[in-house]
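Participant:
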Amino acid sequence: MSEESSRIDVSEKVANLPLSPGVYIYRDKDGSVLYVGKAKKLRNRVRSYFQESHVPDGRIKLMVSKIDDLEVIVTDSEAEALILENNLIKQYHPRYNIMYRDDKSYPYICITNEAKPRVYPTRTLIKDGSKYYGPYDSVVNMKRMLETIRKAFDLCTCAVSIKNIDKTRSIPKWHSCFDDYLQNCSGDWENDRYVDTIKKVERLLNGQTEVLIREIKEEMQIASDALAFEEAAKLRDSLIAVERYSQKMKIVADKKVDRDVFGVSIAEDLNEACGVLFKIREGKMIGKFHRYLKNIDGLKIGDLIQSFVEDYYTGQYTAAIPDEVYLSHAMTDDEPLVDYLYQERGKKVPVHVPQIGEKAQLIKMSLANARLHLQERRLEKEKSEKERIPHAVKELKEHLRLQRLPRRIECFDNSNFQGTDPVASMVCFVDAKPRKSEYKKFHIKTVEGPDDFASMREILTRRYSKVMKDGLQIPDLIVVDGGKGQLSAAVEALKEIGFYGECEIIGLAKRLEEVFLPGSSDPVMIPKKSTALKLLQQARDEAHRFAITFHRQKRAKRTFVTELTDIEGVGEKTAQLLLKELGSVKKIKKAELSKLQELAGKKLGERIYNYFRG
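Residue numbering for the sequence shown follows my numbering, starting at -9 and increasing by one per position.
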C-alpha cells in the first residue's frame, strides 16, 4: 500500500470514529505500535493529530508521518479508558509514549487471595486477586515492616505456598514453611483468629496505626477483665510493637489526614524526569516512592505529572485512594484521573496544586527529593561514560592539552585531479570508532583549479553554517588534513561564520605526522606508538579514502556522460537517465533496441542503438 493510499484509509477511519470515550492505537507500516492514547471523545482527539495547527512539536509530527494504521477501543467511561491505556502501554512499550526507567523491580508485601492468606515479600505482581502493598523504595523499610508484623502478630511471613507439600514427610500443608522449623508458623491457627489478624495487618500496611492501637488496647482490656492474662500479655507485646513502628514515622501534617503528594522534576541534560510520591496516612509519612520517566522530549511538565500519577493509581494492584491528592504541577487533562478516583473511592477526592501552607511545603520537599534522584542519575551516567571512554580519546586530550575529551571527531580532506572534479569529504569518529551514518560528501562549488586552501574554507563554511542553523551536534574536535596552511584556512572560515571557539581544531601534516594547533608555530609531536596518534591517523586515512572514492565516482560518471553526449541528440539529462536505468555505458551498448526506445524515445533510441552497433 502506498503512503498516500494509507493516509486516505486512516483519514476515512478518523472521520467515522464515534464521539465516545476510549483508547486509540497508532501503528506503522510494519504493524508495530507507535503510540497508545486515551480520549474523552475519540473522533475529536484522534483528528487533532492530523491537523497541522494542532500538532505541538517535531517529535509528534514525526510520529504522525509514520502512522499507517489506526485501531480504537471504545469504553464506557474515561476511567475505563485510563486503565486500558495503562495496560496497553505496558504490553506494547510504544516508542512515542512516556516510558519508565526502572533499575530494578520494586519490593512489595503481598497478602494472597486464599482461604488463609499468606503475607510475604515479593518483587513479582500477579493479577490473581492478591493484595500488594508498596512499592517500597528500600528493602530495609520493607523488612522493617515485616519484622513489625511478626513481632506484633506472631504471623508467619514465609513465601512458600500452601500447595508446596513435602510428600515424603507426614507434614500438614501449612507446616511446609521455614517458620515451621522455628515452631513459629501461624498456619494452624483457628480460622477466626487468622482472619482477624490479617485484618490488623492490612490496617498496619495502610498506615491506620491510630485505629489499630485503639483496637488492640480494647482487646487487651477485655482479656485482662476476663483474667486471660496470657492473652493480655501477647496483646501488650503487639501494642508495643505497633506503637514503636508508629513513633518512627515522620509527622508531616498537623491534621491526621490521608494524602498522597506527587512531585515531578525534569533534567533536560539527561532527557529524563523523576517523579516522587509521599504516602501520608494519619498525618504521618509511611512511605516514599520514586520513578524515572524517559522518552520525554518535547513534552510539558503537565504531561509528565499526569502520566506519573495515572500510572501509579492504575498500575498498582492495591494503591489505596487517600482523602486528598496534591500535585507539584497541574495536569494537562485531569478529568480521567478524577473520574477514576471517584469510582474507586465512591466519593470525590480533591486533586489540587497547593501554593502556600504545609501542603506547599510537602510539594517543595517532594521536588527536592526528585532533584536529588536526578543528580544521582547524572553521577551514574557520568561514571558510566567515563568507564566507556577509550584510552585513545583520553590520551589525545592529554597530548594536545585539549579543553574537553575529543569523543566526537570530524575530519576533513580534499581530492581533485589537476583541478578537475574537485570534491571533499568529512568522516566522523565517536569514541574512537567510525560512525559511517554521519559521513558527508561535498562537491566543491566556488573554487576553480587545484586550490586546497580555498576548498577547505568552502567546505568548513558550509558544514558549520549548517550545524549552527539546524542545531546539529557540535564536535569536540575538528581535524583537517594538512599543515599550517590548511589549518589557517580552516580557522579563517570558522571565524567568518562565528563558529570559531565552539570546539577545538587541529591540522595533521602527513610527512612527519606533525600536529599543528591554532596560534602556535611549533607542531606537537605525539609519540609514534601512541594510541592517540593512531586514532588521528585512522581518521585522516578514512577521510582520504572516502574523498578519493567519491572523486573517482564523480570523474567516472562525467566520463560516461561525455561519451554518451557525443551522440547527436543526447543531452546530459538523457545520458543520466540511461545510466541510472541501465547502470553503465557497457550495458547501454548491449541494450536491446526496444529498451533504448522505451527510455530515450523511438528515433533517439534507434540512433543510440546504431551508434554503438554500427
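Built from N, CA and C at the ideal position, the CB exists for glycine as well.
Need the endpoints of the beta strand (DSSP E) that L317 sits in, please.
Facilitator: Stepping through the sequence shown from its first residue, residue 317 is reached at position 327. Here the beta strand (DSSP E) through L317 covers E314 to L317.
Participant: Taking 9 angstroms as the cut-off, decide whether the C-beta atoms of V13 and G27 are in contact.
Facilitator: The count along the sequence shown starts at 1 and reaches residue 13 at position 23. The count along the sequence shown starts at 1 and reaches residue 27 at position 37. Cβ distance < 9 angstroms, so V13 and G27 count as in contact.
Participant: Can you tell me whether DSSP reads G509 as helix, strand or coil?
Facilitator: Walking along the sequence shown from the start, residue 509 turns up at place 519. Reduced to three states, the DSSP call for G509 is coil.
Participant: Can you tell me which of P125, V420 and R108 puts its alpha carbon nearest to the alpha carbon of P380?
Facilitator: Position 390 of the sequence shown holds residue 380. Nearest of P125, V420 and R108 to P380, Cα basis: V420.
Participant: Determine the contact status of P125 and Y96, defining contact as a CB-CB distance below 9 angstroms.
Facilitator: Mapped onto the sequence shown, residue 125 falls at position 135. Mapped onto the sequence shown, residue 96 falls at position 106. Contact flag set, yes.
Participant: Verify whether the separation of the beta carbon atoms of R108 and I101 is less than 9 angstroms.
Facilitator: As a working note, residue 108 is residue 118 in the sequence shown. As a working note, residue 101 is residue 111 in the sequence shown. Closer than 9 angstroms, so yes.
Participant: Give me the residue from A414, V481, R391 and I449 with the minimum Cα distance to V514.
Facilitator: Walking along the sequence shown from the start, residue 514 turns up at place 524. Among A414, V481, R391 and I449, the Cα nearest to that of V514 belongs to R391.
Participant: Might you give, ordered along the chain, the residues of its own chain that have their beta carbon closer than 8 angstroms to the beta carbon of N103, omitting 5 neighbours on each side?
Facilitator: For the purposes of this step, residue 103 is identified with residue 113 of the sequence shown, where counting begins at 1. For N103, where only same-chain residues beyond five positions count, the Cβ hits under 8 angstroms are D118, G119, S120 and K121.
Participant: Is the CB-CB distance between P11 and A71 below 9 angstroms?
Facilitator: Within the sequence shown, the letter at position 21 stands for residue 11. Within the sequence shown, the letter at position 81 stands for residue 71. Taking 9 angstroms as the Cβ cut-off, P11 and A71 qualify as a contacting pair.
Participant: Locate the alpha helix (DSSP H) running through D329, then write down its first and last residues.
Facilitator: Against the sequence shown, residue 329 aligns to sequence position 339. Run containing D329: E325 to R335, per the alpha helix (DSSP H) assignment.
Participant: Does DSSP put K19 in a helix, a strand or coil?
Facilitator: Position 29 of the sequence shown, counted from the start, is the residue given in the question as residue 19. K19: coil per DSSP, three-state reduction.
Participant: Buried or exposed: which applies to H342, given that a residue is buried once 16 or more other Cβ atoms fall within 10 Å of its Cβ?
Facilitator: Here the question's residue 342 lines up with position 352 in the sequence shown. Exposed, by the Cβ-count rule.
Participant: Buried or exposed, going by whether 16 or more other CB atoms sit within 10 Å of the CB of A142?
Facilitator: What you label residue 142 is simply residue 152 of the sequence shown in a count that begins at 1. Classification for A142: buried.
Participant: How far does the alpha helix (DSSP H) with V185 in it reach, from first residue to last?
Facilitator: The residue given as residue 185 occupies position 195 in the sequence shown. Counting along the chain, the alpha helix (DSSP H) containing V185 begins and ends at N181 to L195.
Participant: Give a yes or no on contact between the stretch 315 to 325 and the stretch 252 to 265, applying the rule of three or more CB pairs nearer than 8 angstroms.
Facilitator: The answer is yes - the stretch 252 to 265 touches the stretch 315 to 325, with three or more Cβ pairs under 8 angstroms.
Participant: For S55, tell me which candidate among I63, E68 and V0 has the shortest Cα-Cα distance.
Facilitator: Stepping through the sequence shown from its first residue, residue 55 is reached at position 65. Nearest C-alpha to S55: V0.
Participant: Check whether the Cβ atoms of I464 and M416 lie closer than 9 angstroms to each other.
Facilitator: What you label residue 464 is simply residue 474 of the sequence shown in a count that begins at 1. What you label residue 416 is simply residue 426 of the sequence shown in a count that begins at 1. No, they are not a contact pair.
Participant: Quick check on DSSP: helix, strand or coil for I155?
Facilitator: The count along the sequence shown starts at 1 and reaches residue 155 at position 165. Only weak support is given to the placement of I155: the predicted model assigns it a pLDDT of 37, under 50, and the question is left unresolved by the model.
Participant: Select from C146, P111, Y86 and I50 the residue whose C-alpha is nearest the C-alpha of V130.
Facilitator: For this step, residue 130 is matched to residue 140 along the sequence shown. Of C146, P111, Y86 and I50, the residue nearest in Cα terms is P111.
Participant: Quick one: is the Cβ of D66 within less than 8 angstroms of any heavy atom of the ligand GTP?
Facilitator: Of ligands this structure carries none, so the ligand GTP is not represented either.
Participant: Can you tell me the Cα-Cα spacing of A581 and K563, whole angstroms?
Facilitator: By 1-based counting over the sequence shown, the position of residue 581 is 591. By 1-based counting over the sequence shown, the position of residue 563 is 573. Rounded to the nearest angstrom, the two C-alpha atoms are 19 angstroms apart.
Participant: Contact defined as beta carbons within less than 8 angstroms: I believe K278 pairs with F268. What is the distance between those atoms, to the nearest angstrom?
Facilitator: Position 288 of the sequence shown holds residue 278. Position 278 of the sequence shown holds residue 268. Between F268 and K278 the Cβ distance is about 6 angstroms, and since that is below 8 angstroms, they are a contact.
Participant: Are the CB atoms of A422 and L523 within a distance shorter than 9 angstroms?
Facilitator: On the sequence shown, position 533 is the one that residue 523 refers to. On the sequence shown, position 432 is the one that residue 422 refers to. Not closer than 9 angstroms, so no.
Participant: Report the rounded CA-to-CA distance for K349 versus R183, giving the unit in angstroms.
Facilitator: Translated into positions along the sequence shown, residue 349 becomes position 359. Translated into positions along the sequence shown, residue 183 becomes position 193. Taking the straight line joining both Cα atoms gives about 40 angstroms.
Participant: Measure the alpha-carbon distance for P344 versus G509 and round it to whole angstroms.
Facilitator: On the sequence shown, position 354 is the one that residue 344 refers to. On the sequence shown, position 519 is the one that residue 509 refers to. Their Cα atoms are separated by approximately 58 angstroms.
Participant: Once DSSP output is grouped into helix, strand and coil, what is the label at N77?
Facilitator: The residue given as residue 77 occupies position 87 in the sequence shown. Correct three-state label for N77: helix.
Participant: Apply the 10 Å Cβ neighbour rule to M(-9) and answer buried if 16 or more other Cβ atoms are within range, or exposed otherwise.
Facilitator: Here residue -9 refers to the residue found at position 1 when the sequence shown is read from its first residue. Confidence at M(-9) is low in this model, with a pLDDT of 43, below 50, so the placement of that residue should be treated as unreliable; the coordinate-derived value is given next. M(-9) comes out exposed.
Participant: Which residues mark the beginning and the end of the alpha helix (DSSP H) in which R368 is found?
Facilitator: On the sequence shown, position 378 is the one that residue 368 refers to. R368 -> alpha helix (DSSP H) spans G347 to R378.
Participant: Going by Cα to Cα distance, which pick from G21, I88 and L589 is closest to G288?
Facilitator: The sequence position of residue 288 within the sequence shown is 298, counting from 1. G288 has its Cα closest to that of I88, out of G21, I88 and L589.
Participant: By alpha-carbon positions, which one of L395, A310, M355 and P340 ends up nearest to E334?
Facilitator: Mapped onto the sequence shown, residue 334 falls at position 344. Of the listed residues, the one whose Cα sits closest to E334 is A310.
Participant: I need the boundaries of the alpha helix (DSSP H) containing R603, first residue and last residue.
Facilitator: By one-based count along the sequence shown, residue 603 stands at place 613. Where R603 is concerned, the enclosing alpha helix (DSSP H) stretches over K592 to R603.
Participant: Look up K519 in the DSSP assignment and say whether it is helix, strand or coil.
Facilitator: As a working mapping, residue 519 is identified with position 529 in the sequence shown. Looking at K519 - three-state DSSP - the assignment turns out to be coil, as it is neither helix nor strand.
Participant: Rounding to the nearest angstrom, what Cα-Cα distance links Q173 and D144 in this structure?
Facilitator: Mapped onto the sequence shown, residue 173 falls at position 183. Mapped onto the sequence shown, residue 144 falls at position 154. For Q173, the predicted structure reports a pLDDT of 44, less than 50, and the residue's modelled location is therefore unreliable. A value from the coordinates is still provided. Cα to Cα, the separation comes out at about 11 angstroms.
Participant: Report the rounded CA-to-CA distance for N76 versus F402, giving the unit in angstroms.
Facilitator: Looking up residue 76 in the sequence shown gives position 86. Looking up residue 402 in the sequence shown gives position 412. Taking the straight line from one Cα to the other gives about 49 angstroms.
Participant: Can you name, in chain order, every residue of its own chain whose Cβ lies under 7 angstroms from the Cβ of K338, other than the five neighbours on each side?
Facilitator: The sequence position of residue 338 within the sequence shown is 348, counting from 1. Correct list, in chain order: Y332.
Participant: Within this structure, are the beta carbons of L395 and V383 separated by less than 9 angstroms?
Facilitator: Locating residue 395 in the sequence shown gives position 405, counting from the first residue. Locating residue 383 in the sequence shown gives position 393, counting from the first residue. Yes; because the gap between Cβ atoms is below 9 angstroms, this pair is in contact.
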